[in-house]
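Numbering (the numbering used here), first residue to last: 24 to 244.
Glycine residues also receive a C-beta, built at the ideal position from the N, C-alpha and C atoms.
Just below is one structure, and these are the notes that go with it.
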Ligand SMILES: Nc1nc2c(ncn2[C@@H]2O[C@H](COP(=O)(O)OP(=O)(O)OP(=O)(O)O)[C@@H](O)[C@H]2O)c(=O)[nH]1
Ligand SMILES: [Mg+2]
């Protein structure tokens, strides 16, 4: 199927392109962003027709900071000073067309080292439900090789054939040369190519969230 055919036959894509089409501005110029829903248990997961982009990663990796940048809404995104305390899915509706979903962080408890069963139950219910994500951004701290949890979660996604974009966060924390070495390591561990990984920083404005949006839109449409 060509891109054009997939664009006209995928109703979610039509929603995206129609709502955001404007020749004079970026397709994801943020006009509105609001908390749409939240789910603390599998039963609370909302059913929706909106395209969904979920953000997953270890606690403290920078999920909420990335979402705040993408939506240009610093105060909207739920953050907590205690890593791993928030065990819910937060849904944000952007431009009345696309949902960004902040998934709970994993890997916060010291023992056992594996993804906790409660986290797994909630996230698997989301991934396997009839209103799961169209794309998952898996965030990896650029300073460290992927952990066992990161690799397990990557497998959880690939086992389900869920489209995944790896984003390497906190790129401001290391030098350019260290960045490219890190991308090589992350790519090798997650069986992808370094060029498929998007480096990002929520603190350095040379990392423009528009580029992330461009990546997302091109995957979804
Ligand atoms: N230097 C730097 N710090 C960052 C960046 N992104 C996030 N941080 C910091 O890292 C800490 C955690 O960021 P959050 O966005 O709350 O991380 P999270 O993944 O949402 O964490 P949980 O909600 O606990 O799972 C905060 O102190 C942020 O300011 C970044 O790109 N660069
Ligand atoms: Mg968070």
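>> Considering only their Cβ atoms, is the gap separating residue 193 from residue 165 smaller than 8 angstroms?
In response: The residue you call residue 165 lines up with position 142 of the chain shown. The residue you call residue 193 lines up with position 170 of the chain shown. Yes, they are a contact pair.
> How big is the Cα-Cα spacing for residue 74 and residue 66?
Replying inline: Walking along the chain shown from the start, residue 74 turns up at place 51. Walking along the chain shown from the start, residue 66 turns up at place 43. Roughly 20 angstroms between the two C-alpha positions.
> From this set, 204, 76, 185 and 141, which residue's C-alpha is nearest residue 115's C-alpha?
Replying inline: Your numbering for residue 115 matches position 92 in the chain shown. The option with the nearest alpha carbon to residue 115 is 76.
>> At a threshold of 7 angstroms, does residue 84 count as lining ligand 1 (C-beta to nearest heavy atom)?
In response: In the chain shown, residue 84 corresponds to position 61, counting from 1. Yes, the Cβ of residue 84 comes within 7 angstroms of a heavy atom of ligand 1.
> In terms of alpha-carbon separation, which member of 203, 209, 212 and 53 lies closest to residue 92?
Replying inline: On the chain shown, position 69 is the one that residue 92 refers to. Looking at the Cα atoms, 53 is the closest of the given residues.
> Say the cut is 7 angstroms; is the CB of residue 80 nearer than that to a heavy atom of ligand 2?
Replying inline: Mapped onto the chain shown, residue 80 falls at position 57. Not so, every heavy atom of ligand 2 lies at least 7 angstroms from the Cβ.
> Which value, in whole angstroms, describes the spacing of the CA atoms of residue 210 and residue 216?
Replying inline: Translated into the one-based positions of the chain shown, residue 210 becomes position 187. Translated into the one-based positions of the chain shown, residue 216 becomes position 193. Distance between the alpha carbons of residue 210 and residue 216: 5 angstroms.
> Would you call the region 200-208 and the region 170-184 touching, i.e. three or more CB-CB distances under 8 angstroms?
Replying inline: no
> With respect to 7 angstroms, is the separation between the Cβ of residue 251 and the closest non-hydrogen atom of ligand 1 below this value?
Replying inline: Only positions 24 to 244 of the chain appear in the structure, and residue 251 is not among them; the question remains open.
> Under a CB-based cut-off of 8 angstroms, is residue 217 close to chain C?
Replying inline: In the structure shown, chain C does not exist; there is a single protein chain.
>> Per DSSP, what are the beta-bridge partners of residue 80 in this structure?
In response: Locating residue 80 in the chain shown gives position 57, counting from the first residue. In DSSP, residue 80 forms a bridge with 162.
>> Mapping the DSSP letters down to three states, classify residue 146 as helix, strand or coil.
In response: As a first step, residue 146 is located in the chain shown; it is residue number 123 there, counting from the start. If DSSP states are grouped into helix, strand and coil, residue 146 belongs with the helices.
> CB-CB under 6 angstroms to residue 232, same chain, minus the five flanking residues each way: which ones, in chain order?
Replying inline: Locating residue 232 in the chain shown gives position 209, counting from the first residue. Once the five neighbours on either side are set aside, the close Cβ partners of residue 232 are 92 and 93.
> Cβ of residue 225 within 8 angstroms of Cβ of residue 82?
Replying inline: In the chain shown, residue 225 corresponds to position 202, counting from 1. In the chain shown, residue 82 corresponds to position 59, counting from 1. No.
>> For the beta strand (DSSP E) containing residue 208, name the first residue and the last one.
In response: Within the chain shown, the letter at position 185 stands for residue 208. Looking at the DSSP string, residue 208 is not in any beta strand (DSSP E); the run it does join, the alpha helix (DSSP H), is 199-212.
> Do you know how far the Cα of residue 110 is from the Cα of residue 64?
Replying inline: Along the chain shown, one-based indexing puts residue 64 at 41. Along the chain shown, one-based indexing puts residue 110 at 87. Near 9 angstroms, if we compare the C-alpha coordinates of residue 110 and residue 64.
> Got a sec, what are the start and stop residues for the beta strand (DSSP E) residue 89 sits in?
Replying inline: Here residue 89 refers to the residue found at position 66 when the chain shown is read from its first residue. Unbroken run through residue 89 is the alpha helix (DSSP H), 86-94; no beta strand (DSSP E).
> Quick one: Cα of residue 141 to Cα of residue 122, how far?
Replying inline: For the purposes of this step, residue 141 is identified with residue 118 of the chain shown, where counting begins at 1. For the purposes of this step, residue 122 is identified with residue 99 of the chain shown, where counting begins at 1. Each residue's alpha carbon lies about 24 angstroms from the other.
> Which residue or residues does DSSP assign as beta-bridge partners of residue 122?
Replying inline: Along the chain shown, read from residue 1 onward, the residue named residue 122 stands at position 99. Answer is 75 and 116, bridged to residue 122.
>> Under DSSP, the beta strand (DSSP E) around residue 179 begins and ends at which residues?
In response: Your numbering for residue 179 matches position 156 in the chain shown. Where residue 179 is concerned, there is no enclosing beta strand (DSSP E), although the alpha helix (DSSP H) it sits in stretches over 171-182.
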